[in-house]
Each structure stands twice: as C-alpha cells, then as structure tokens.
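Visitor: Submitted below is the structure of interest, expressed as structure tokens.
Chains as they are written, first to last, in our numbering: chain D, 339 to 408; chain C, 3 to 143.
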C-alpha cells in the first residue's frame with residue numbers, strides 16, 4: 339500500500355510560468371495550500387486535486403502519482 | 003478571488019496564528035497562576051465572567067476558524083482546506099490534552115485539595131492552550 343502521494347505540482351506550475359500566489363488565485367485557495375501541497379506536507383482532497391488539474395490544464399494523474407518520478 | 007485577496011488572507015492567517023500562540027501562553031500562565039486566585043484584584047463575579055467569555059471566544063474560533071466579520075472570499079481563503087485540516091488536528095490535540103490533564107488532576111486530588119472549580123479550570127485552560135498552540139504551529143509550517 340502506498341504511504342505517500344507524490345506530485346509534480348512545482349514542476350508543472352513553473353513550466354506554466356505561474357507563481358504560487360498566481361495558482362492560488364486561479365484555484366481559489368490560499369498560497370499556503372499550494373505551498374503545502376507542493377512540499378508534500380498536505381494531501382489535497384479530490385476536489386482540490388481536480389481544481390488544480392483544471393487550472394493547470396493537465397490530467398490529475400500527471401500531477402499526482404503513487405510512485406516518485408523516474 | 004484577486005491577488006490582493008490572496009495577500010490579505012495570508013497576512014490575516016499569519017496574524018491569527020500569532021494571536022493564537024499568544025492566547026495559548028496567556029491561558030498557560032493563567033492555569034499556573036490562576037489556581038486559588040482569591041488574591042486577584044477582580045471581584046469573583048467579574049473574574050469568572052471574564053474567564054468564561056475568553057474560553058467561549060476561543061472555542062468559537064477553534065470551531066469556526068474565525069474571520070466571521072470578513073467578506074466571503076477572504077473568509078473562505080483563511081479557512082480553506084489546509085486550515086480546516088489543521089483545525090481538526092488541533093482539536094484532536096486539545097482532546098488528548100484534556101484527557102491527560104484530567105487524569106493528572108484526578109490523581110493529584112488524592113494527595114492535595116483541588117476544588118471542582120479549580121480542576122475544571124485547569125483542564126479547560128490547558129486543553130484549549132494545547133489546541134491553540136498546535137493550530138498556530140501547523141499554520142506557520
């Protein structure tokens with residue numbers, strides 16, 4: 339059973355030229371939420387994961403995964 | 003939701019965490035010094051009313067996250083998913099603190115005289131202080 343949720347949020351966000359505050363504004367959450375998700379401190383709800391996916395224009399499984407990047 | 007809302011929410015959330023940490027410190031000092039506080043210059047009615055209002059105030063803040071006077075956008079930002087999760091963890095901490103302090107007060111009362119009022123006050127002060135400290139710490143990560 340996977341004990342961690344890995345994410346590529348930082349990489350995808352910077353690729354899109356967005357700051358944490360910019361992404362927070364698009365999603366409608368605080369900058370702290372983006373920061374804690376990026377750093378793996380906080381595991382987002384399905385709702386937030388889908389909102390992030392929509393804001394970044396990427397499928398949710400491309401942002402979050404059960405295995406670390408190769 | 004605007005960029006200024008995001009900035010403002012961040013400042014408010016930081017201020018809230020700082021105020022909570024200070025309130026926790028006040029509650030801790032009060033729990034230590036407040037036992038047998040008959041020497042206080044306040045009348046007993048005023049002293050008890052002040053304490054009751056303060057405890058109720060922090061319970062409401064812990065239950066709601068506060069910001070009740072802010073606009074809808076700002077309130078939803080300062081009480082978003084992470085804050086909600088932090089509050090849940092803080093309430094868990096408060097519960098365990100209440101149980102442990104209750105246990106300690108119970109056994110201490112076998113060896114020393116602790117009135118019901120003093121005991122309840124110690125348990126309430128310390129458990130809310132524990133919840134506030136945990137919340138403040140989680141919010142500043």
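A virtual CB, placed ideally from N, CA and C, is assigned to each residue, including glycine.
1. Where do the N-terminal and C-terminal ends of the alpha helix (DSSP H) with residue 391 of chain D fall, by residue?
2. Under 8 Å by Cβ, that's how I've got residue 92 of chain C and residue 133 of chain C pegged, so tell me the actual separation to the nearest angstrom.
3. Identify the contact partners of residue 391 of chain D in chain C, using a Cβ-Cβ distance below 7 Å as the criterion.
4. For residue 345 of chain D, write down the residues that DSSP places opposite it in a beta bridge.
5. Can you round the beta-carbon distance between residue 143 of chain C and residue 374 of chain D to whole angstroms, since I take them to be within the 8 Å contact cut?
6. Looking at chain D, which residues of the segment 76-103 of chain C have a Cβ within less than 8 Å of any of its Cβ atoms?
7. Within the same chain, show all residues whose beta-carbon is closer than 7 Å to that of residue 116 of chain C, passing over the 5 residues directly before and after it, in chain order.
8. Looking at C-alpha atoms only, which residue of C/102, C/120 and C/54 is the closest neighbour of residue 33 of chain C?
9. When the Cβ atoms of the segment 58-69 of chain C are set against those of the segment 390-405 of chain D, are three or more pairs found closer than 8 Å?
10. Which full runs of the alpha helix (DSSP H) of 4+ residues lie inside the segment 347-383 of chain D, going along the chain?
11. Of the residues C/137, C/139 and C/126, which one's Cα is nearest the Cα of residue 30 of chain C?
12. Check the Cβ-Cβ distances between residue 3 of chain C and every residue of chain D, and say whether any is below 8 Å.
Guide: Taking the coordinates as given:
1. Under the DSSP assignment, residue 391 of chain D falls in the alpha helix (DSSP H) whose first and last residues are 384-394.
2. The C-beta separation of residue 92 of chain C from residue 133 of chain C comes to about 5 Å, placing the pair in contact by the 8 Å criterion.
3. Annotation: residue 391 of chain D has no Cβ neighbours in chain C at a cutoff of 7 Å; minimum Cβ distance is about 15 Å.
4. According to DSSP, which records beta bridges pairwise, residue 345 of chain D is partnered with D/402.
5. Rounded to the nearest angstrom, the Cβ distance from residue 143 of chain C to residue 374 of chain D is 7 Å, consistent with a contact under 8 Å.
6. Taking 8 Å as the cut-off between beta carbons, the residues of the segment 76-103 of chain C near chain D are 78, 79, 80, 82, 83, 84, 85 and 87, in sequence order.
7. For residue 116 of chain C, same chain residues with a beta-carbon under 7 Å away, outside a window of 5 residues either side, are 107 and 110 in chain order.
8. Nearest C-alpha to residue 33 of chain C among C/102, C/120 and C/54: C/120.
9. Contact between the segment 58-69 of chain C and the segment 390-405 of chain D is not established, with fewer than three Cβ pairs separated by less than 8 Å.
10. Contiguous alpha helix (DSSP H) elements confined to the segment 347-383 of chain D occur at 347-353, 358-365 and 369-376, taking only those with 4 or more residues.
11. It is C/126.
12. For residue 3 of chain C, a Cβ of chain D is located within less than 8 Å of the residue's own Cβ.
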